[in-house]
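Chains as they are written, first to last, in my numbering: chain A, 1 to 222; chain B, 223 to 444; chain C, 445 to 666; chain D, 667 to 888. Backbone N, C-alpha and C fix where the C-beta goes; we use that ideal spot for every residue, glycine too. Quick notes on the structure that follows.
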């Protein structure tokens, strides 16, 4: 981040480059805050009078849906951050539409703590089906927003640096095409079994986080 | 951000440039945190004994004022961030008054989650009129603080880089003049219809976010 | 922030410079988060059945202690951030003690939302005296921690860049000497009148924020 | 942070260097947020009708477990931040596994506010033993995750800059080997005396923060 005293034609070019940097830095901030805020939705359990360590242990273990939600949401936001970093490596400059689409995408990411909190409260209790559908459904929406953010700058290589090989873009295209579909399928599983739906999402997050093929980055859904 | 070992006259110049950078980075941090904190004001609904998925679905839908408040506040803070970025591109250096006015403006931005939470709780319920007036009123106050932040460095081009064309400043002047007026009008609408007032603010936020005229940035109220 | 591949003697120098940068960036993050977290201590008021807009208006106005606490704490943390920026402009490199003292100081800053929340709940109610004493007392403690953070690098110019004029340091010395004393006096006023004590702290914050003498920075207590 | 328009073979090298920078910046964000979020787990005490300053003072003092937890967690996260900074000074480039292990480690760090909140609520009350075991146990888990993050890039100097002396790595190896063991021992002390266990963890945090041997950094457990 450098301050640019010039606003002439050359300055505009620099300003554009700076746009990308500051856009990435702002996005990183939102990612970092959303991922760290997840924890404040998990509240310490309360004991009744006369209860002690055994009951506290049981109450802490009974919070497993909250831990599971934290784990899946943390990994998923983490993967989204990694991908955001990855795709902005291809983008040479910003324009107002890219900024608008990025804002829309961040709106989705920053919302994630809410369905996570709903899931933590209802998984394993009556209402868990709707909680799991809302949780997976929101990730599906977020994956669609992520696709828009990726499609716009790559359409006719609108904002892509000239020396980025088309093959690199196509590889990301293929991965991003799968994202909303995979999330939708995982979400619909909740109609039959909410815990299974969550389990699939956890496995997906772990699979996407773990690299494969000698240093290459694993495909990610969104 | 570079560490500056020199504090001599030349060092002062560099320090001033660094001021802008660190001021922008600090402001970005406050923007990013305020925008992401909005979500923690939305709490999961609670069900009574014997209630399940249908009631949870209904309870989640009944939170629409919270979602609407989140949407408007997120977009509005996002637009303010974009504009902040934009106007600091014209500012060549800081001085203590600019820092003070920026602090005042950030104080307004960081306060936004509170009227948003009030709105989320009262829209659609008794008290919604005051909630909507407080919500819109605070954006009006924030728009005024934003105008002060913009008027000070541009007055007689006090802190403006020499090569910034006056036309660029005048264009922002025109837009910023409208900000407090538009917000005030939208706020006063709440006297007649609180939901309409919110609807207008949502439309404004979307209009300001969506770019127009081939890559140009849309006019923004604040 | 640049990644430094070298860890030899020359690399150490660079690493030290980078230390200052990353220490400042981390501190900025804590400042920005602490200042923005203040708002979540203010909760929307709750109405009884049958109450509406007039009662909500009254309930919002009755939260004035919360607004006052937000205002004072925001301005004070803002001033501390400005000063932190200012004094690190003189510091050429870090060492482990500086990092430790900076951590201790940030611990004090990050704690501020708690006494602010206590003040918001008790000012104007029974217990307000202890709340005001705790509030002012914590700022006194923070001012002392800030003095330690400033005294250590300046003692015999231990970590100060060679070309910083001694007069610049002496000026900060004079200001920092006053800090804990002023806060202590303002705190003890709460023994007689808690609201007066808060009023003095608000005036102090405004005085310190407003620049004076043609572009110079106002003296700050801590 | 510089925007890199090139994505050719040379660009890849630069991209890797940028990876480290952005990975560090993102990690710094998570550290700064987690450390600052600790405070919102401490809530103002509530008084009964007719109670005033003496009862508030007593209630504030009765929150000592919350202050102790804040102190230990803040210092420990602070030390982890310092160490993170330190070890990334040795790492020349990232790869997907390093990113994955760093995400896992940050997941542990961002979780710390929860066991801290449990400790604050139960220390000095029935259930304190489980609370102290959970608290220390989580730091043990975090120390293990930190070891994984350190072992991976240093194994056969996989991602280490060539000019980093092996002795520097070995020194960190020795320190990191102790981390999980020390935390495990401190945790198990809670089986006999929860307060003693916490006291040991506080002493450890202070010892690790305070530098020794003329400017050298103290050994740290994790």
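Proximal residues of chain A, C-beta to C-beta of residue 800/D below 7 Å: The sequence position of residue 800/D within the fourth chain is 134, counting from 1. Under a criterion of Cβ atoms nearer than 7 Å, the residues of chain A adjacent to residue 800/D are, in order, 60.
Nearest neighbour of residue 108/A, chosen from 59/A, 53/A, 136/A and 194/A [CA to CA]: Mapped onto the first chain, residue 108/A falls at position 108. Out of 59/A, 53/A, 136/A and 194/A, 136/A has the C-alpha closest to the C-alpha of residue 108/A.
Who does residue 757/D pair with in a DSSP beta bridge? Along the fourth chain, read from residue 1 onward, the residue named residue 757/D stands at position 91. Paired residue(s): 826/D.
Any idea what DSSP makes of residue 52/A, helix, strand or coil? In the first chain, the residue the question calls residue 52/A occupies position 52. In the structure shown, residue 52/A sits in coil (DSSP, three-state: anything other than H, G, I, E or B).
Let me check understanding here. Comparing Cα to Cα, which of 522/C, 565/C, 489/C and 537/C lies closest to residue 321/B? Here residue 321/B refers to the residue found at position 99 of the second chain. Comparing Cα positions, the closest option is 522/C.
Residue-chain proximity (residue 870/D, chain C), Cβ-Cβ < 9 Å: Translated into positions along the fourth chain, residue 870/D becomes position 204. At a cut-off of 9 Å between beta carbons, residue 870/D makes no contact with chain C.
Between residue 706/D and chain A, is the shortest Cβ-Cβ distance under 9 Å, so that the two count as touching? On the fourth chain, residue 706/D is found 40 positions in, with the first residue counted as 1. At least one chain A Cβ lies under 9 Å of residue 706/D.
Is it right to say residue 874/D is buried, meaning 16 or more other beta carbons lie within 10 angstroms of its own, or is it exposed? The residue you call residue 874/D lines up with position 208 of the fourth chain. Counting C-beta atoms within 10 angstroms of its own C-beta, residue 874/D has 16 or more neighbours from the protein chains shown and is therefore classed as buried.
Roughly how many angstroms lie between the CA atoms of residue 205/A and residue 72/A, to the nearest whole one? As a working mapping, residue 205/A is identified with position 205 in the first chain. As a working mapping, residue 72/A is identified with position 72 in the first chain. When rounded, the separation of the alpha-carbon atoms in residue 205/A and residue 72/A is 7 Å.
For residue 690/D, decide whether its Cβ has a neighbour in chain A, counting only Cβ atoms nearer than 9 Å. Taking the fourth chain and counting its residues from 1, the one referred to as residue 690/D is at position 24. False, the Cβ-Cβ gap to chain A never drops below 9 Å.
Given a threshold of 16 other Cβ atoms within 10 Å of its Cβ, counted over all protein chains shown, does residue 405/B qualify as buried or as exposed? As a working note, residue 405/B is residue 183 in the second chain. So residue 405/B counts as buried.
Taking Cβ to Cβ, would you say residue 768/D is nearer than 9 Å to residue 689/D? Residue mapping note: residue 768/D aligns to position 102 of the fourth chain, counting from 1. Residue mapping note: residue 689/D aligns to position 23 of the fourth chain, counting from 1. Against a cut-off of 9 Å, the Cβ pair of residue 689/D and residue 768/D comes out as a contact.
Taking Cβ positions only, does residue 336/B come closer than 9 Å to chain C? By one-based count along the second chain, residue 336/B stands at place 114. At a cut-off of 9 Å between beta-carbon atoms, residue 336/B makes contact with chain C.
Quick one: which residues of the stretch 741-771 of chain D get their C-beta closer than 9 Å to a C-beta of chain C? List them in chain order. Of all residues in the stretch 741-771 of chain D, 741, 744, 745, 747, 748, 751, 754, 755, 756, 757, 758 and 759 have a Cβ within less than 9 Å of some Cβ in chain C.
What does residue 566/C reach in chain D if we use C-beta pairs closer than 7 Å? Here residue 566/C corresponds to residue number 122 of the third chain, with the count starting at 1. Against residue 566/C, the close residues of chain D are 722, in the order they occur along the chain (beta-carbon pairs closer than 7 Å).
Is the beta carbon of residue 341/B closer than 9 Å to that of residue 479/C? Sequence index remark: in the third chain, residue 479/C carries index 35 (1-based). Sequence index remark: in the second chain, residue 341/B carries index 119 (1-based). Their beta carbons are not under 9 Å apart, which means residue 479/C does not touch residue 341/B by this criterion.
Proximity winner among 346/B, 403/B, 372/B and 347/B, relative to residue 361/B (alpha-carbon distances): What you label residue 361/B is simply residue 139 of the second chain in a count that begins at 1. Of the listed residues, the one whose Cα sits closest to residue 361/B is 403/B.
Assuming the contact rule is C-beta atoms closer than 8 Å, residue 123/A and residue 131/A should be a hit. Round their C-beta distance to whole Å, please. As a working note, residue 123/A is residue 123 in the first chain. As a working note, residue 131/A is residue 131 in the first chain. Residue 123/A to residue 131/A, Cβ: 6 Å. Contact.
Taking 7 Å as the limit between beta carbons, can you name the residues of its chain near residue 91/A, skipping five residues before and five after? Residue 91/A sits at position 91 when you count from the first residue of the first chain. Annotation for residue 91/A: 20, 153, 159 and 160 place their beta carbon closer than 7 Å to its own, counting only its chain and skipping 5 residues before and after.
Mind pulling the chain B residues with CB within less than 7 Å of residue 593/C? One-based indexing of the third chain puts residue 593/C at position 149. Taking a Cβ-Cβ threshold of 7 Å, none of the residues of chain B is close to residue 593/C; the smallest such distance is about 17 Å.
Spatial distance of residue 836/D from residue 694/D (CA atoms): As a working mapping, residue 836/D is identified with position 170 in the fourth chain. As a working mapping, residue 694/D is identified with position 28 in the fourth chain. Approximately 25 Å between the Cα atoms of the pair.
So, helix, strand or coil for residue 175/A, using DSSP? Locating residue 175/A in the first chain gives position 175, where the first residue counts as 1. Here residue 175/A sits in helix by DSSP.
Per-residue contacts from residue 32/A into chain D (C-beta, under 7 Å): Start at 1 with the first residue of the first chain, and residue 32/A comes out as number 32. Within chain D, 692, 695, 696 and 699 have C-beta atoms less than 7 Å from the C-beta of residue 32/A, given in sequence order.
Going by the beta-carbon positions, is the gap between residue 902/D and residue 47/A smaller than 9 Å? Absent from the structure is residue 902/D, since the part of chain D shown begins at 667 and ends at 888.
Between the CA atoms of residue 845/D and residue 809/D - distance to the nearest angstrom: Against the fourth chain, residue 809/D aligns to sequence position 143. Against the fourth chain, residue 845/D aligns to sequence position 179. The C-alpha of residue 809/D lies about 6 Å from the C-alpha of residue 845/D.
Within 9 Å, strictly: CB atoms of residue 114/A and residue 416/B: As a position in the first chain, residue 114/A is number 114, starting the count at 1. As a position in the second chain, residue 416/B is number 194, starting the count at 1. No, the pair does not count as a contact, with Cβ atoms beyond the cut-off.
At least one CB of chain B closer than 9 Å to the CB of residue 118/A: is that the case? Here residue 118/A refers to the residue found at position 118 of the first chain. Proximity of residue 118/A to chain B, defined by a Cβ-Cβ separation below 9 Å, is satisfied.
Based on Cα-Cα distance, which residue from 742/D, 707/D, 723/D and 862/D lies nearest to residue 795/D? The sequence position of residue 795/D within the fourth chain is 129, counting from 1. For the set 742/D, 707/D, 723/D and 862/D, the Cα lying nearest the Cα of residue 795/D is the one of 862/D.
Please confirm if residue 363/B has its CB atom under 9 Å from at least one CB of chain C. In the second chain, residue 363/B corresponds to position 141, counting from 1. Not closer than 9 Å to any Cβ of chain C, the Cβ of residue 363/B fails to qualify, so no.
Which of helix, strand or coil DSSP assigns to residue 741/D: Counted from its first residue, the fourth chain places residue 741/D at position 75. Three-state result, residue 741/D: helix.
Using beta-carbon positions only, say whether residue 260/B and residue 316/B come within less than 9 Å of one another. Residue 260/B sits at position 38 when you count from the first residue of the second chain. Residue 316/B sits at position 94 when you count from the first residue of the second chain. Note that the C-beta distance between residue 260/B and residue 316/B is not below 9 Å.
Note down the Cα distance separating residue 390/B from residue 384/B, rounded to an integer number of angstroms. Within the second chain, numbered from 1, the residue matching residue 390/B stands at position 168. Within the second chain, numbered from 1, the residue matching residue 384/B stands at position 162. Put simply, the backbone Cα of residue 390/B is about 12 Å away from that of residue 384/B.
Label residue 303/B either buried or exposed according to how many other C-beta atoms from any shown protein chain fall within 10 Å of its C-beta, with 16 as the threshold for buried. In the second chain, residue 303/B corresponds to position 81, counting from 1. The residue in question, residue 303/B, is buried, as its Cβ has 16 or more Cβ neighbours within 10 Å.
Alpha helix (DSSP H) segment containing residue 555/C, residue limits: Position 111 of the third chain holds residue 555/C. Element bounds for residue 555/C: 540-555.
Among 187/A, 50/A, 149/A and 33/A, which one has its Cα closest to the Cα of residue 96/A? For the purposes of this step, residue 96/A is identified with residue 96 of the first chain, where counting begins at 1. Ranking 187/A, 50/A, 149/A and 33/A by Cα distance to residue 96/A puts 149/A first.
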